[in-house]
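K.L.:
Here it is, the structure, as structure tokens.
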Amino acid sequence: MRDLPFLVSKLFGTPHLIRQSKLDQILTGLAPVISGAAPKRTRLADDDIEALGLITQSGPRLEGNIAVLPIMGTLVRRLSWIEAESGLTSYKTITDDITQLMLDPYIRGVILEIDSYGGEAGGVFDLADFIRKIQRQTGKPIYAHANENAASAAYAIACAAEKVWVARTGEVGSIGVICAHLDQSQADEKAGLRWTFISAGERKTWGNPHEPLGDEARARVQADVDWLYDEFVKTVARYRGMRPADIRATKADVFRGEDAVGVGLADASGTLDECFDVLSRRLRG
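The sequence shown runs 1 to 285 under UniProt numbering.
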């Protein structure tokens with residue numbers, strides 16, 4: 001995350017499964033640096049990391065024979081492009097942690113404690129499929145608890161659990177896709193910069209930040225967003241046993257507590273301790 005140019009390249013022009021409010025927070029925090037209103041930098045300081053709302057991930061903890069795995073902060077496919085202290089959580093790390101916990105003969109069940117507004121689209125549906133598959137393979141249950149948020153990509157993860165819990169004031173949902181395009185052509189002009197691209201292939205330069213987004217390029221991005229949305233809807237429908245039409249009817253909204261249970265996005269509303277107690281009783285048979 002501290003590599004600012006690379007962060008910008010990951011944020012813009014790529015569809016994300018993230019709640020609008022979180023994306024706004026990140027973009028607002030970066031805007032002064034991108035626009036030149038703040039001193040030009042290529043690295044983010046610790047204060048920037050905190051301002052952007054990037055939460056440090058902690059490791060799993062054991063409570064008896066149940067493991068609680070925190071899934072916090074903004075979600076990305078892998079961490080190879082950022083430093084470990086960035087505060088992001090990768091799908092690869094989650095996969096590795098779940099694998100280790102589920103294959104441990106002492107551990108009989110896992111709770112995913114989730115507090116995330118979502119993140120990157122790439123890899124999240126594979127992770128959801130993995131979560132459901134490893135439960136079948138091991139015969140061990142995975143519960144998900146939104147404590148306090150399981151939105152967008154984070155909900156794609158949660159929905160693959162055997163049971164989804166949400167805190168009384170917690171929120172789940174935001175089943176949608178969003179993509180931001182940065183048009184910095186006016187800023188380039190103000191800075192006296194003129195970019196020239198030498199390319200082959202009509203669409204090679206579509207979506208670049210140094211010119212406004214054209215109608216054809218916009219339509220292409222929209223088609224990609226729509227395709228990802230279809231995949232998201234199908235994933236939730238499959239793992240929650242819901243009709244795709246009912247999921248689309250949520251209009252990417254979020255639902256708190258009992259309201260989330262009412263629309264079928266959660267099985268129960270309660271605290272993490274209550275979720276733990278229910279899973280413990282289930283394991284005791």
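Backbone N, C-alpha and C define an ideal beta-carbon position, used for all residues, glycine too. Predicted, not measured: the structure shown is a model, and the values here were computed from it.
Who are the near neighbours of W195 in its chain, counting only those whose CB is closer than 7 angstroms to its CB and skipping five residues on each side?
P.N.:
Working through the sequence shown from its first residue, we reach residue 195 at position 195. Hits under 7 angstroms: D188, H210.
K.L.:
In whole angstroms, what separates the C-alpha of I111 from that of R61?
P.N.:
If you number the sequence shown from 1, residue 111 lands on position 111. If you number the sequence shown from 1, residue 61 lands on position 61. One C-alpha to the other measures close to 10 angstroms.
K.L.:
What whole-angstrom Cβ distance do D224 and P70 have, given they're in contact under 8 angstroms?
P.N.:
Here residue 224 refers to the residue found at position 224 of the sequence shown. Here residue 70 refers to the residue found at position 70 of the sequence shown. Between P70 and D224 the Cβ distance is about 31 angstroms, and since that is not below 8 angstroms, they are no contact.
K.L.:
Where do the N-terminal and C-terminal ends of the beta strand (DSSP E) with G119 fall, by residue?
P.N.:
Against the sequence shown, residue 119 aligns to sequence position 119. Note, G119: beta strand (DSSP E), 118 to 120.
K.L.:
Taking E258 as the reference, give the member of R220, V221, T169 with the closest Cα.
P.N.:
Position 258 of the sequence shown, counted from the first residue, corresponds to residue 258. When only C-alpha atoms are compared, the closest one is T169.
K.L.:
Could you tell me the alpha carbon to alpha carbon distance between G241 and D183, rounded to whole angstroms?
P.N.:
Start at 1 with the first residue of the sequence shown, and residue 241 comes out as number 241. Start at 1 with the first residue of the sequence shown, and residue 183 comes out as number 183. Straight-line Cα distance between these residues: approximately 41 angstroms.
K.L.:
For D24 and G118, I'd like the C-alpha separation in whole angstroms.
P.N.:
As a position in the sequence shown, residue 24 is number 24, starting the count at 1. As a position in the sequence shown, residue 118 is number 118, starting the count at 1. Each residue's alpha carbon lies about 13 angstroms from the other.
K.L.:
Run through the UniProt domain "Peptidase S49" (135 to 279) for me and flag every whole alpha helix (DSSP H) of 4 or more residues, listed as ranges in chain order.
P.N.:
Correct list: 153 to 158, 185 to 190, 215 to 240, 244 to 248, 257 to 262.
K.L.:
Measure the alpha-carbon distance for T99 versus I107 and round it to whole angstroms.
P.N.:
Along the sequence shown, read from residue 1 onward, the residue named residue 99 stands at position 99. Along the sequence shown, read from residue 1 onward, the residue named residue 107 stands at position 107. The straight-line gap from Cα to Cα measures roughly 11 angstroms.
K.L.:
So if DSSP puts T89 in a beta bridge, which residue, or which two residues, is it bridged to?
P.N.:
Mapped onto the sequence shown, residue 89 falls at position 89. DSSP, once it has assigned bridges, lists L75 as partnering T89.
K.L.:
Rank C159, S280, T95 by C-alpha distance to the C-alpha of V233 and give the top, closest one.
P.N.:
In the sequence shown, the residue the question calls residue 233 occupies position 233. Of the listed residues, the one whose Cα sits closest to V233 is C159.
K.L.:
For the candidate residues P105, I134, N65, A260, whose alpha-carbon lies nearest to that of I94?
P.N.:
For the purposes of this step, residue 94 is taken as residue 94 along the sequence shown, with counting starting at 1. When only C-alpha atoms are compared, the closest one is I134.
K.L.:
Closest to L265 by C-alpha separation, out of T271, L17, D273, R248, would be which residue?
P.N.:
By 1-based counting over the sequence shown, the position of residue 265 is 265. Looking at the Cα atoms, R248 is the closest of the given residues.
K.L.:
So is D97 buried or exposed if we call it buried at 16+ other beta carbons inside 10 Å?
P.N.:
Looking up residue 97 in the sequence shown gives position 97. D97 is buried by the Cβ-count criterion.
K.L.:
Would you mind sorting R19 into buried or exposed? The rule is 16 or more other CB atoms within 10 Å of its CB.
P.N.:
Looking up residue 19 in the sequence shown gives position 19. Buried, by the Cβ-count rule.
K.L.:
What do you reckon, are the CB atoms on A146 and V124 nearer than 8 angstroms?
P.N.:
Here residue 146 is taken as the residue at index 146 of the sequence shown, counted from 1. Here residue 124 is taken as the residue at index 124 of the sequence shown, counted from 1. Contact flag unset, no.
K.L.:
Could you give the C-beta distance for A151 and E120, rounded to a whole number, given that I count them as a contact under 8 angstroms?
P.N.:
As a working note, residue 151 is residue 151 in the sequence shown. As a working note, residue 120 is residue 120 in the sequence shown. Contact doesn't hold; Cβ gap of about 14 angstroms is too wide.
K.L.:
Per DSSP, G59 is paired with what?
P.N.:
Numbered from 1 along the sequence shown, position 59 holds the residue referred to as residue 59. None, per the DSSP bridge assignment.
K.L.:
Please report the distance separating the alpha-carbon of residue 331 from that of D230.
P.N.:
Examination of residue 331 is not possible in this model, given that the chain is present from 1 through 285 alone.
K.L.:
Which class does D104 belong to by DSSP, given the choice of helix, strand or coil?
P.N.:
The sequence position of residue 104 within the sequence shown is 104, counting from 1. Correct three-state label for D104: coil.
K.L.:
In whole angstroms, what is the alpha-carbon distance linking A180 and I66?
P.N.:
By 1-based counting over the sequence shown, the position of residue 180 is 180. By 1-based counting over the sequence shown, the position of residue 66 is 66. For A180 and I66, the distance between alpha carbons rounds to 40 angstroms.
K.L.:
Cutting at 6 angstroms between CB atoms, please list the residues of its own chain near A154, excluding the five before and the five after it.
P.N.:
Your numbering for residue 154 matches position 154 in the sequence shown. I114, S116, G118.
K.L.:
Hey, how far is the Cα of L75 from the Cα of Y91?
P.N.:
Here the question's residue 75 lines up with position 75 in the sequence shown. Here the question's residue 91 lines up with position 91 in the sequence shown. Distance between the alpha carbons of L75 and Y91: 7 angstroms.
K.L.:
Here's the rule: buried if 16 or more other CB atoms are within 10 angstroms of the residue's CB, otherwise exposed. What is L193?
P.N.:
Locating residue 193 in the sequence shown gives position 193, counting from the first residue. It is exposed - the Cβ of L193 has fewer than 16 other Cβ atoms within 10 Å.
K.L.:
Residues in the same chain with beta-carbon distance under 7 angstroms from R281, minus the five sequence neighbours each way, listed in chain order, please.
P.N.:
As a working note, residue 281 is residue 281 in the sequence shown. Nothing listed; no residue qualifies.
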